[in-house]
Amino acid sequence: MNGVPLSWYLILSAILFALGAAGFMIRKNMITVFMCIELMLNAVNLSFVAFSRHFKTIDGQIFTFFVMVVAAAEAAVGLAIILTVFRNRSTLQVDDIDSLRL
Amino acid sequence: MDPILFFIFAAVAVICAISLIVQKHPIKSALSLIGVMGSLAILYLLLGAEFIAAAQLIVYAGAIMVLFVFVIMLLNAGEEKSPARPSWFAKLLGIPLMIALLGILSYVIQRAAPEGSLAFGEYTGGAREVGRALFTTYLLPFEITSVLILIAILGAVVLAKKEL
Numbered sequence: 326m327n328g329v330p331l332s333w334y335l336i337l338s339a340i341l342f343a344l345g346a347a348g349f350m351i352r353k354n355m356i357t358v359f360m361c362i363e364l365m366l367n368a369v370n371l372s373f374v375a376f377s378r379h380f381k382t383i384d385g386q387i388f389t390f391f392v393m394v395v396a397a398a399e400a401a402v403g404l405a406i407i408l409t410v411f412r413n414r415s416t417l418q419v420d421d422i423d424s425l426r427l
Numbered sequence: 088m089d090p091i092l093f094f095i096f097a098a099v100a101v102i103c104a105i106s107l108i109v110q111k112h113p114i115k116s117a118l119s120l121i122g123v124m125g126s127l128a129i130l131y132l133l134l135g136a137e138f139i140a141a142a143q144l145i146v147y148a149g150a151i152m153v154l155f156v157f158v159i160m161l162l163n164a165g166e167e168k169s170p171a172r173p174s175w176f177a178k179l180l181g182i183p184l185m186i187a188l189l190g191i192l193s194y195v196i197q198r199a200a201p202e203g204s205l206a207f208g209e210y211t212g213g214a215r216e217v218g219r220a221l222f223t224t225y226l227l228p229f230e231i232t233s234v235l236i237l238i239a240i241l242g243a244v245v246l247a248k249k250e251l
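Residue numbers (the numbering used here), protein chains in the order written: chain A, 326 to 427; chain B, 88 to 251.
What follows is the structure in structure tokens.
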């Protein structure tokens, strides 16, 4: 057999997305939570590229390109927000930042 | 040859992702994430997406991760002080239920995914094809993206300024 079936890529993508979602929920450090979001974006990118190859169109890769651009913008703004929160509260633990909690 | 390479780099990606969510120190998590992104770049190459693989390494593993590491070092982020304390329910059923969910998911994907596989080199998404699609069909989203990045730069500068 030469070549890898599409479903293997999709399963790998699902595993990576699930790991990212799990990390998003169990981690307490704000920066690590942010990195888990990046992991989920990467997992979806893998699906896009795999489908792009399967249907022999370039559209999936263009979508991946746009996801990367949005991820870069999101990382810049998100890290600026983390910087501001740390300056005001001097902590990175998400449990300690609960001003909006009732 | 393709399945061997796929399994090697898929295993590296999954191990690095597990390492990302179990490491206590943020800098170790960041290094694990770089491992995930590097192996994903290899998988993109296997899928024939040359431009995306290069962009993955330059933009993600280069620029974004440097930003992460820079912020971790700037904030002097140490190890997590209060680790998550899972309940007995999560301890007992967490791993088996996760394996069951992944099994069902794999079965459904295997059933639903279209048949057929391509070998390496049959289809390429090099810079020429991506560039042509980007500047003809997707010209408007591309231009809007530049505005988005400009807004993100302004937002980051405003947020990170000392006095608002």
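Backbone N, C-alpha and C define an ideal beta-carbon position, used for all residues, glycine too. If you're wondering where the values come from, they're calculated on a predicted model, not measured in any experiment.
What span of residues does the alpha helix (DSSP H) with Val101 of chain B cover, start to end?
Looking at the DSSP string, the run of the alpha helix (DSSP H) that includes Val101 of chain B is Asp89 to Val109.
Chain-ordered chain B contacts of Ile356 of chain A [CB-CB under 9 Å]
Chain B residues near Ile356 of chain A: Pro113, Ser116, Ala117, Phe155, Val158, Ile159, Leu162 and Ala164.
Buried versus exposed, by CB contacts within 10 Å (16 or more), Ala142 of chain B
The residue is buried, with at least 16 neighbouring Cβ atoms inside 10 Å.
Three-state class that DSSP yields for Asn354 of chain A in the structure shown
Here DSSP, grouped into helix, strand and coil, assigns Asn354 of chain A to strand.
Exposed or buried, what is Met326 of chain A when buried is set at 16 or more other beta-carbons lying within 10 Å of its beta-carbon?
With a pLDDT of 48 at Met326 of chain A, under the threshold of 50, the predicted position of this residue should be treated as unreliable, though the coordinate-derived value follows. Answer is exposed; the Cβ neighbour count stays below 16.
Please name the residue, chosen from A:Leu337, A:Val395 and A:Lys381, that lies closest to Leu130 of chain B on a Cα-to-Cα basis.
Measuring from the Cα of Leu130 of chain B, the nearest candidate turns out to be A:Leu337.
Return the CA-CA distance between Lys248 of chain B and Asp421 of chain A, expressed in angstroms with no decimal places.
Their backbone Cα atoms lie some 23 Å apart in a straight line.
Check whether chain A comes within 8 Å of Ile240 of chain B, counting only Cβ atoms and requiring the distance to be less than that.
For Ile240 of chain B, the nearest CB of chain A lies under 8 Å from its own CB, placing it at the interface with that chain.
As assigned by DSSP and simplified to three states, the class of Pro330 of chain A
Reduced to three states, the DSSP call for Pro330 of chain A is strand.
Just mark Asn370 of chain A as buried or exposed, buried being the case when its beta carbon has 16 or more other beta carbons within 10 Å.
Flag for Asn370 of chain A reads buried.
Identified DSSP bridge partners for Gln418 of chain A:
Per DSSP, the beta-bridge partners of Gln418 of chain A are A:Asn354.
Going by other Cβ atoms of all chains shown within 10 Å of its Cβ, with 16 needed for buried, is Leu180 of chain B buried or exposed?
Label assigned to Leu180 of chain B: exposed.
Out of A:Tyr334, A:Thr416 and A:Thr409, which one is the CA nearest neighbour of Ser252 of chain B?
No information on residue 252 of chain B is available, as it lies outside the stretch 88 to 251 that chain B covers here.
Given a cut-off of 8 Å, decide if Gly348 of chain A and Leu107 of chain B are closer than it, judged by their beta-carbon atoms.
Against a cut-off of 8 Å, the Cβ pair of Gly348 of chain A and Leu107 of chain B comes out as a contact.
Rounded C-beta distance between Val374 of chain A and Leu134 of chain B? I'm assuming under 8 Å.
Between Leu134 of chain B and Val374 of chain A the Cβ distance is about 5 Å, and since that is below 8 Å, they are a contact.
For Gly190 of chain B, does the count of other Cβ atoms within 10 angstroms reach 16, so buried, or fall short, so exposed?
With fewer than 16 other Cβ atoms within 10 Å, it is exposed.
Neighbourhood of Leu117 of chain B by C-beta, 8 Å cutoff - its chain only, sequence neighbours within 5 removed:
One point to set straight first is that residue 117 of chain B is Ala, not Leu, in the sequence displayed. Sequence-distant Cβ neighbours of Ala117 of chain B in its own chain, meaning closer than 8 Å and more than five residues away, are Met152, Phe155, Val156 and Ile159.
Residue environment, Gly213 of chain B, which counts as buried when at least 16 other CB atoms sit within 10 Å
In summary, Gly213 of chain B is exposed, with fewer than 16 beta-carbon neighbours lying within 10 Å of its beta-carbon over all protein chains present.
Determine whether the beta carbon atoms of Leu246 of chain B and Val402 of chain A lie at a separation below 8 Å.
Yes, these two residues count as a Cβ contact at 8 Å.
What does Val217 of chain B reach in chain A if we use C-beta pairs closer than 9 Å?
Listed along the chain, the chain A residues whose CB falls inside 9 Å of the CB of Val217 of chain B are Ile383, Gln386, Ile387 and Phe390.
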